[in-house]
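Enquirer: Chains as they are written, first to last, in this note's numbering: chain A, 1 to 381; chain B, 1001 to 1312.
A virtual CB, placed ideally from N, CA and C, is assigned to each residue, including glycine.
Predicted model only: the values in this text are computed from it and were never measured.
1. Ordered along the chain, which non-local residues of its own chain (more than five positions away) have a Cβ less than 7 Å from that of residue 1020 of chain B?
2. Let me see if you follow: with CB-CB separation under 7 Å, is residue 1237 of chain B close to chain A or not?
3. Cβ of residue 239 of chain A within 7 Å of Cβ of residue 184 of chain A?
4. Looking at the structure shown, is residue 1312 of chain B part of a helix, part of a strand, or coil, going by DSSP?
5. Taking only runs that begin and end inside the region 192–260 of chain A, name each unbroken beta strand (DSSP E) of 3 or more residues, in chain order.
6. In chain order, what residues of the same chain have a beta carbon less than 6 Å from the beta carbon of residue 1101 of chain B, not counting five sequence neighbours either side?
7. Using a Cβ-Cβ cutoff of 7 Å, what residues of the region 282–307 of chain A are near chain B? List them in chain order.
8. Using a Cβ cut-off of 7 Å (strictly closer), state whether residue 1005 of chain B contacts chain A.
9. Going by CA-CA distance only, name the one from A:343, A:171, A:60 that's closest to residue 100 of chain A.
10. Whole angstroms is fine: what's the gap from residue 113 of chain A's alpha carbon to residue 104 of chain A's?
11. Answer yes or no: do residue 1302 of chain B and residue 284 of chain A have a C-beta to C-beta separation smaller than 7 Å?
12. By Cβ distance, which residues of its chain are closer than 6 Å to residue 84 of chain A, with the 5 residues on each side in sequence left out?
13. To the nearest angstrom, how far is it from the Cα of residue 1205 of chain B to the Cα of residue 1262 of chain B?
14. Buried or exposed: residue 322 of chain A, going by 16 or more other Cβ atoms within 10 Å of its Cβ?
15. Buried or exposed: residue 381 of chain A, going by 16 or more other Cβ atoms within 10 Å of its Cβ?
16. Which of the three DSSP states, helix, strand or coil, is assigned to residue 298 of chain A?
17. By alpha-carbon positions, which one of B:1230, B:1018, B:1250, B:1141 ends up nearest to residue 1109 of chain B?
18. Does the distance from the CB of residue 1191 of chain B to the CB of residue 1209 of chain B come in under 7 Å?
19. Express the C-alpha separation of residue 134 of chain A and residue 327 of chain A in angstroms, rounding to a whole number.
20. Of all Cβ atoms in chain A, is any one closer than 7 Å to the Cβ of residue 1318 of chain B?
21. Give every residue of the same chain whose Cβ lies closer than 7 Å to the Cβ of residue 382 of chain A, excluding the five residues on either side of it in the sequence, and list them in chain order.
22. Going along chain A in order, which residues have a C-beta closer than 8 Å to the C-beta of residue 1222 of chain B?
23. Pop quiz: residue 288 of chain A and residue 1247 of chain B are said to be a contact at Cβ under 8 Å. What is the actual Cβ separation, rounded to whole angstroms?
24. Any idea if residue 1097 of chain B is buried or exposed, counting beta-carbon neighbours within 10 angstroms, 16 or more meaning buried?
25. For residue 371 of chain A and residue 312 of chain A, I'd like the C-alpha separation in whole angstroms.
26. Under 7 Å, Cβ to Cβ, is there at least one residue of chain A near residue 1230 of chain B?
27. Counting only C-beta atoms, is residue 1 of chain A closer than 7 Å to chain B at any point?
28. I'd like to know if residue 1257 of chain B contacts chain A, where contact means its C-beta is closer than 7 Å to some C-beta of that chain.
29. In angstroms with no decimal places, state the Cα-to-Cα distance between residue 340 of chain A and residue 204 of chain A.
30. For residue 1089 of chain B, count neighbouring C-beta atoms within 10 Å of its own C-beta (all shown protein chains included) and say buried if the count is 16 or more, exposed if not.
31. Which first and last residues belong to the alpha helix (DSSP H) in which residue 316 of chain A is found?
32. Rounding to the nearest angstrom, what Cα-Cα distance links residue 1146 of chain B and residue 1272 of chain B in this structure?
33. For residue 243 of chain A, which residues of its own chain have a beta-carbon under 6 Å away from its beta-carbon, when the five flanking residues on both sides are left out?
34. Around the Cβ of residue 1235 of chain B, are there at least 16 other Cβ atoms within 10 angstroms (buried) or fewer (exposed)?
35. So with Cβ pairs under 7 Å, would you call residue 1012 of chain B a contact of chain A?
36. Among all the DSSP beta bridges, which residues are the ones paired with residue 1151 of chain B?
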């Protein structure tokens, strides 16, 4: 057991921080106040990810044959922490580099790899994910969007919902049912679809989280070539399980929460609130939560770095990361008082990002079910 | 970063668990409870095998000592292993006469293991002191909280040798981490015991552990136990930094409160009985939560260490 950073990893973190302070504009906080899906942040992410790509950092954890540098999971995790902590200047592209790219490497044809991977690796392309549907949320395998094979094309009909970033995205990684007789896990396929294909329409769903956060995406007789299929037909659940094992550990929410908390403590001290034992107690409690979420996330990264198969440790880390993010988002409101009510204020921006934590990428209740069965071995009904 | 035990650590853990299998366990703890007895034979077995001193080994250290303390706590061992393996080595190069009890100057109340202790480490404002206890210094105190307890006479906490500049801070930090490590072992055992019981216990025609309402609560508990375990081990590996130790203690002792309530609630009436093992670990968690000012003090210590500006 060892709990320290190698010299190389520690200096990489310093490099990343120096790069961020150079690259982020003075009005970064204003740009990022709507979150990664906001118009300005999406536009900025293309410039920013391009700069990261120039340094070779954007996809450094990818194998060198796909434009990576074979960097360890720890290096990539350090980048993830630093990016998320400062408001994710990679915008939606964290999805590309974390799991859409790796899924294409694992399941893609030579043609798909040659087309998509260099684009993702260069940092200029935005993707969104078409998973959830009105009748398929936590229960994703209830999805009904159909892609029927007609000659050398698929014809897609149906709709996706809660989709983030799709108004800016060039591509969508889309879960569809290719066997109309199938139910549940069987008969699902994954398609890589250009968002400018005729028949795709987007409607923004206004939300209290921020602008451009949620959308509905409608598919009406959308024709795509069969070469859009990722992996084997009707075997898409395997592809998505592989992809989600990367996503479920999720963003380094604890890192952002910790930065927010440092700033809150600073404000509390300036305002003389550290004389209040209740404030001190809440700050200490929140800090301990951040640290516990961090160390559980590191356990997952350790497994990944060693190439071990995913375990329920992922769910443990994810739930605690969510708890920590939510707790600090709420604490920010309480400490800042009525000034938190102004849109775009420090506490408001953090609260809005934190409030989706327990729902995004699979509700906490689903994670708890998995912990109960896989980690504790509790019986089903 | 590496979360796997290395070969030495695995060997230590396997060996101490084998010893505990023979000399400790819930049944042994329950057997000793009526008279508030100290398990002198377990203490001797741990010392003879070198486990009490693993924290002094130049090739090992605080993390290995923590693994031993966690394991002894899981086995419900009635020995002052936290003080011996994790605290004493931070204060003196030479071993102290054992058992060792830990007390805060000027604080009355029951002290774990004091009635059987031969050494007392006293946390003062400026300095820590070592007191060689004599008969009559400590009287046994009846307690329901899982450990043999004693009360130290006022004279007992003011005698003894000062341990030098910085010793108070070292004692405080080492004690805080030892409490947290012991809590981790107790929580792990209490959770495992309860999960096992709820897989077997049937009501309404099914195992209680199959109800989702129950599963979610157990899953939340598991998350808090695991978070505690890794914070404690990380702090031990990093040679017990003030902030890291306070963080581990704050998280673990807060988790301990949750584990106590949830395990008893989910176990039902049998959980309160001495015929069921849960109390061996659960009652101890409450005792650990009261030491060194409890969760509020650990949290205050985090804030003081990280952001300053508060009296700790």
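Expert: Considering the structure as presented:
1. Around residue 1020 of chain B: 1071, 1072, 1075, 1077.
2. Answer yes: the Cβ-Cβ gap between residue 1237 of chain B and chain A drops below 7 Å somewhere.
3. Taking the C-beta atoms as reference points, residue 184 of chain A is found no nearer than 7 Å to residue 239 of chain A.
4. Because residue 1312 of chain B sits at a pLDDT of 41, beneath the cut-off of 50, its placement in the model cannot be relied upon, and the point is left open.
5. Within the region 192–260 of chain A, complete beta strand (DSSP E) segments of at least 3 residues are found at 200–205, 214–225, given in chain order.
6. Close CB contacts of residue 1101 of chain B within its chain, under the 6 Å cut and outside five residues either way in sequence, are with 1111, 1113, 1114, 1117, 1120 (chain order).
7. Cβ contacts with chain B come from 283, 284, 285, 287, 288, 291, 292, 295, 296, 298, 299, 302.
8. Interface flag for residue 1005 of chain B against chain A is set, since a Cβ pair is found closer than 7 Å.
9. When each option's Cα is compared against that of residue 100 of chain A, the closest is A:171.
10. Cα-Cα distance, rounded: 6 Å.
11. Their beta carbons are under 7 Å apart, which means residue 1302 of chain B touches residue 284 of chain A by this criterion.
12. So the list reads 251, 252, 255, 256, once near-sequence residues are dropped.
13. Residue 1205 of chain B and residue 1262 of chain B: Cα-Cα distance of roughly 23 Å.
14. Residue 322 of chain A comes out buried.
15. Burial is judged here by how many other beta carbons sit within 10 angstroms of a residue's own beta carbon; residue 381 of chain A has fewer than 16 and is exposed.
16. It is helical.
17. Considering only alpha carbons, the answer is B:1141.
18. Taking 7 Å as the Cβ cut-off, residue 1191 of chain B and residue 1209 of chain B do not qualify as a contacting pair.
19. Cα to Cα, residue 327 of chain A sits roughly 29 Å from residue 134 of chain A.
20. Because chain B is modelled from 1001 through 1312, residue 1318 of chain B falls outside the range shown and cannot be assessed.
21. Nothing can be reported for residue 382 of chain A: it is not among the residues displayed for chain A, which extend from 1 to 381.
22. Chain-order list of chain A residues neighbouring residue 1222 of chain B: 316, 371, 375, 376, by C-beta distance under 8 Å.
23. Yes, residue 288 of chain A and residue 1247 of chain B are in contact; Cβ-Cβ is about 5 Å, under 8 Å.
24. When all chains shown are included, residue 1097 of chain B counts as exposed.
25. If you take the alpha carbons of residue 371 of chain A and residue 312 of chain A, they lie about 6 Å apart.
26. Output row for residue 1230 of chain B: interface = yes.
27. Answer yes: the Cβ-Cβ gap between residue 1 of chain A and chain B drops below 7 Å somewhere.
28. Not a single CB atom of chain A sits nearer than 7 Å to the CB of residue 1257 of chain B.
29. The straight-line gap from Cα to Cα measures roughly 26 Å.
30. Buried is the call here.
31. Segment 313–336, the alpha helix (DSSP H) holding residue 316 of chain A.
32. A direct Cα-to-Cα measurement between residue 1146 of chain B and residue 1272 of chain B gives close to 13 Å.
33. If we look at residue 243 of chain A and ignore the five residues flanking it on each side, its Cβ neighbours are 99, 103.
34. Classification for residue 1235 of chain B: buried.
35. For residue 1012 of chain B, no CB of chain A lies under 7 Å from its own CB, so it is not counted at the interface with that chain.
36. Note: residue 1151 of chain B sits in a beta bridge opposite B:1139.
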